[in-house]
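As structure tokens, the structure follows; a few thoughts come after it.
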Amino acid sequence: MYRLTTAKSKFALASLALAATLAAPGAASAKTLVYCSEGSPENFTPALNTTGTSFDAARPVYDKLTQFTRGSTQVEPGLAESWTVSPDGKVFTFKLRKGVKFHSGVNGFKPTRDFNADDVLFSFERQWKDDHPYAKVSGGKYDYFADMGLKDDVQAIEKLDPLTVRITLKKANVTMLANLAMDFAAIHSAEYADMLAKANKKEQFDQQPVGTGAFSFVMYQKDAVIRYKANPAYWGEKALVDDLVYAITPDPTARYSKLKAKECHFVIAPRPADLPEMQKDASLSVINQPGLNIAYWAFNTQKPPFDKKEVRQALSMAIDKAAIIKDVYLGAGTGAKNLIPPTLWSYNNNVKDYPHDVAKAKDMLAKAGVKTPLEIDLWYMPVQRPYNPNAKRIAEMMQSDLAKVGVNAKLVTYEWGEYRKRMQQGEHITGMLGWTGDNGDPDNFFFLRGCEAARPGGQNLSKWCNKEFDSRLEKARATADMKERTRLYTEMQQIEHDDAPDFKIAHSVVYEAMRKEVTGYKQSPFGSHQFNGVDLK
Amino acid sequence: MFRYLLRRLALTIPTFIALMFVTFVAIRLVPGDPVEVRVGERGISPERLAMFRHELGLDQPVWKQFADYCVQLMHGDFGTSLATNQKVLTEFAALFPATIELSLAGMLFAVVLGIPAGTIAAARRGTLFDQTLMGLSVTGYSMPIFWWGLLLIMFVAERWGLTPVSGRIDLIKYYFEPTTGFMVIDAWLSGQAGAVKDALHHLVLPAIVLGTIPLAVIARMTRSAMLEVLSEDYVRTARAKGLPAWRVIGLHALRNALIPVVTIIGLQVGALMAGAVLTETIFSWPGVGKWLIESISRRDYPALQGGVMLISSIVIGVNLLVDLTYGLINPRIRHG
């Protein structure tokens with residue numbers, strides 16, 4: 058019996074190899090889009106990961122209940138066709154899309170049924186319940202599920218019928234709809250999971266992904282390449298190329314060279330120094346957009362003299378922001394006046410940034426009763442971040458600006474982990490940090506100045522608790538009415554500006570470069586990459 | 003011979019223990035632990051941090067972690083990568099063929115050019131050729147690999163379009179599953195027209211970059227060994243017999259001069275591995291060098307420790323092998 062099986066499988070392998078050989082010339086003439094990505098994914102289950110590289114690698118394969126409109130932060134229906142939110146903002150009922158097919162043929166999996174509520178339950182319960190059969194597979198760390206508050210806040214996830222799912226939260230949170238559009242909320246096939254569990258191969262679940270997305274997974278070779286092929290049965294915006302290839306190329310100079318040599322069509326993260334030359338090249342097109350991030354310098358409002366609003370405002374006027382943007386960001390940054398970047402809905406463009414005015418700053422400090430020279434600490438991060446290319450350099454520029462108004466800033470830094478920990482504890486007087494948004498909901502930025510996060514160990518590094526601001530933050534979290542939320546957030550930006558708990562430095566500008574043949578690509582404000590709807594001329 | 007082998011093997015044991023200890027301690031001296039590197043600005047609650055550190059065994063005293071690691075290694079278990087949750091040995095085995103392929107190509111380039119160049123330089127001692135070659139070899143020996151690689155890419159690949167920029171095969175034209183991990187062999191097995199040529203084409207630049215330093219070393223070594231041999235009595239005798247110059251140099255002198263050169267080639271294996279780290283990064287070559295660099299930035303302790311141990315074992319193994327074959331090549335050397 059065993060022999061027969063082996064012989065059979067050998068025969069099957071041989072015929073497969075033959076078929077592949079025959080198919081190859083055809084495949085070569087098919088349309089192949091090559092994306093020069095920056096690194097290898099950790100695996101293909103986004104819930105387990107935290108890096109953009111890993112999310113990008115899984116994105117072609119999966120769908121989520123809700124999704125972001127390509128190139129925007131707006132939430133639109135995904136695998137959930139429609140939904141209702143209870144008036145108290147706690148109960149979300151999703152009507153699922155009918156007739157959606159999972160990819161067939163990946164890792165020998167042939168789906169016998171369409172997507173349904175069981176898949177939704179499987180995908181969330183794995184992250185939510187510690188005793189789920191898949192909870193501990195592949196290390197089982199679901200950072201985003203926990204970070205977005207779902208681990209603690211979810212009360213129940215129920216299947217009402219095969220195409221209806223209800224999620225109940227313990228407290229109101231309308232940002233849930235945006236959270237569910239994030240990569241960690243990707244919907245997996247419960248049937249595929251069962252198949253692997255029966256075969257005792259659970260760990261393959263995260264290595265050979267099966268989803269409902271615009272592309273299906275073909276193969277992955279660590280540090281070299283990931284291949285996908287178009288899913289012809291896709292329900293949404295279809296893939297316009299036949300094959301999608303991620304050529305893993307960590308070095309930005311090599312990526313640029315490959316782009317010029319037509320070895321790839323699209324590159325992530327070009328080097329700022331290469332941009333002028335790229336922009337001149339007629340065969341390439343370079344696009345850019347403010348990143349979904351903010352770099353700021355926080356004043357610890359619980360420590361004198363920064364408990365006084367006037368002092369904070371004065372220092373905000375003492376710094377020459379334009380010089381920082383020019384000299385440190387080298388064009389890859391735009392001065393910030395609000396906590397959220399201009400690409401995010403509810404951005405308040407009426408807020409007037411503090412002008413750079415040394416005389417007025419001095420005057421205000423004197424009026425606030427501050428005796429100069431004032432000695433302060435200025436903390437800067439020891440590392441480069443997406444929103445801040447060189448914190449030390451910025452700190453030095455600020456130091457010299459501050460000296461002009463009679464403030465002597467001592468530059469302080471710690472090891473990166475230690476730095477964050479100490480700042481969250483509120484040990485600093487003033488310090489730099491920043492934030493990269495996750496879900497395109499303004500709440501994901503504004504919570505950084507909420508009262509809850511102002512506790513020791515919390516993420517509010519100004520340790521600023523303003524009732525006017527905070528009450529609106531809570532209210533906006535509990536209402537699904539977009540108009541009302543927009544109004545609240547718009548007001549909050551003005552309140553925060555007037556009280557100046559921090560000096561807003563910049564939003565970085567994210568550049569991307571592609572060959573002119575590429576059409577239909579839309580840059581995502583999240584810095585993510587998506588290739589359905591993208592074609593080659 | 004057998005006793006010699008045993009003694010050599012026994013001598014590698016303290017080397018391994020020292021190596022294990024150094025890699026283990028060095029990575030822990032670098033600030034930042036794997037959990038915190040992972041979380042970024044988002045931060046992590048102290049409870050979750052404690053839980054993960056416990057799961058990874060990072061809350062144990064360092065001596066305990068080291069003891070556990072030693073026991074694990076003795077069972078042939080190199081641990082599990084913290085980043086990908088794959089067995090370190092599995093990841094290494096998948097990436098290592100690419101490094102070997104590159105190293106072999108680099109070594110081939112160095113040997114094929116280095117030995118003849120060194121021989122000719124010695125035979126024409128003091129001529130312009132000799133001086134130029136020795137000048138070039140100093141340059142080659144002190145060549146910063148990163149800069150050299152980028153320079154070659156810029157001119158050879160980009161400007162003149164003679165070779166591909168990076169990678170191992172044309173991803174648009176060819177697609178086949180890796181069978182052996184050696185791209186040239188896999189390309190041949192796939193039977194796709196032009197695949198082998200394309201794979202070889204992709205090897206050219208990285209092999210030159212990686213082979214440059216060994217080339218310089220081998221050329222210099224061959225030259226000095228040849229010079230020594232050429233002044234021997236038997237060479238003079240051969241010349242006096244009226245043998246043609248190529249026979250004297252190529253057969254009588256070179257064979258004897260090669261003995262120290264073989265040793266040097268063996269020692270260059272270590273240098274190749276070190277060079278591979280940079281070469282792989284420049285050419286997006288999916289080998290173990292690049293993998294190690296990433297493991298450092300992720301503070302992936304098991305991957306880094308396991309990777310260093312495996313590579314070191316191979317370097318030590320190759321050197322042992324060279325020492326042993328030494329006796330075979332030159333019967334005058336007896337291991338007793």
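Just so you know, the protein sequences line up as chains A and B, in that order.
Plus 57 on top of the position in the first sequence (first one is 1) and you've got the working numbering.
Plus 2 on top of the position in the second sequence (first one is 1) and you've got the working numbering.
C-beta atoms are modelled at their ideal positions from N, C-alpha and C, and glycine is treated no differently.
- Residues of chain A with a Cβ closer than 7 Å to the Cβ of F54/B are, in chain order, K198.
- Taking a cut-off of 8 Å for Cβ pairs, the segment 485-496 of chain A and the segment 522-535 of chain A do not touch, as fewer than three such pairs fall below it.
- At a cut-off of 8 Å, the C-beta of V186/B has no neighbouring C-beta in chain A.
- For V167/B, the nearest beta carbon of chain A is closer than 8 Å to its own beta carbon.
- Listed in chain order, the positions of the segment 265-289 of chain A with a beta carbon within less than 9 Å of a beta carbon of chain B are V275, M276, Q278, K279, D280, A281, V282, R284.
- Residue state for I486/A is assigned as coil, using DSSP reduced to three classes.
- If you look at V368/A, you'll find it in the alpha helix (DSSP H) that goes 366-375.
- With the criterion set as a beta carbon lying under 7 Å from some beta carbon of chain B, the members of the segment 312-330 of chain A are S314, K315, K317, A318, E320, in sequence order.
- The bridge partners DSSP lists for G491/A are A352/A.
- For C522/A, there is no enclosing beta strand (DSSP E), as DSSP marks it with neither H nor E.
- The shortest C-alpha to C-alpha distance from I117/B to any of A259/B, I316/B, S297/B is the one to A259/B.
- About 3 Å separates the beta carbons of G142/B and A218/B, which is inside the 8 Å limit, making them a contact pair.
- Per DSSP, reduced to three states, the secondary structure at D302/B is coil, with no helix or strand assignment.
- Shown in chain order are the members of the segment 278-294 of chain B whose Cβ falls below 9 Å from a Cβ of chain A: E282, T283, I284, F285, S286, W287, P288, G289, K292, W293.
- Under the three-state reduction of DSSP, H56/B is assigned to helix.
- With contacts defined by Cβ atoms closer than 8 Å, V90/B and A305/B form a contacting pair.
- Put simply, of T130/A, Q131/A, D251/A, C93/A the residue whose alpha carbon is nearest the alpha carbon of D113/A is C93/A.
- DSSP, reduced to helix, strand and coil, places G390/A within a strand of the structure shown.
- For C93/A, the enclosing beta strand (DSSP E) covers residues 89-94.
- Interface residue (Cβ-Cβ distance to chain B less than 8 Å): L207/A is not classified as such.
- Considered as a whole, the segment 40-113 of chain B harbours 48-57, 64-76 as its complete alpha helix (DSSP H) runs of no fewer than 4 residues, in chain order.
- Listed by position along chain A, the residues whose Cβ is nearer than 9 Å to that of A95/B form an empty set, because the closest Cβ is around 11 Å away.
- Unbroken alpha helix (DSSP H) stretches of 4 residues or longer found wholly inside the segment 407-495 of chain A: 415-424, 448-460, 473-482, given in chain order.
- Between the segment 582-591 of chain A and the segment 291-305 of chain A, the count of C-beta pairs closer than 8 Å reaches three or more; the two stretches touch.
- One thing to note: G169/B has its Cβ within 8 Å of the Cβ of E320/A.
- With respect to G206/A, N230/A sits close: the two C-beta atoms are nearer than 8 Å.
- Contact annotation for L207/B against chain A: no contact, minimum CB-CB distance about 11 Å [criterion: below 7 Å].
- Cβ proximity to chain B below 8 Å picks out G514, Q516 from the segment 510-534 of chain A.
- Those residues of the segment 7-38 of chain B placed with their C-beta closer than 8 Å to a C-beta in chain A are P33, G34, D35, E38, ordered along the chain.
- Among the residues facing chain B, R183/A is not included, as its CB has no counterpart in that chain under 8 Å away.
- Using a 10 angstroms sphere on the CB of N406/A, the tally of other CB atoms stays under 16, which defines it as exposed.
- Taking the C-beta atoms as reference points, A510/A is found no nearer than 8 Å to N501/A.
- Ranked by Cα distance from T101/B, the first of Q270/B, E296/B, S299/B, T281/B is T281/B.
- Within the same chain, A557 come within 6 Å of Q370/A by CB-CB distance, once the 5 residues on both sides are set aside.
- E472, W473, G474: these are the residues of the segment 462-476 of chain A whose beta carbon lies less than 7 Å from some beta carbon of chain B, given in chain order.
- Our two residues, A69/B and P63/B, have alpha carbons roughly 10 Å apart in a direct line.
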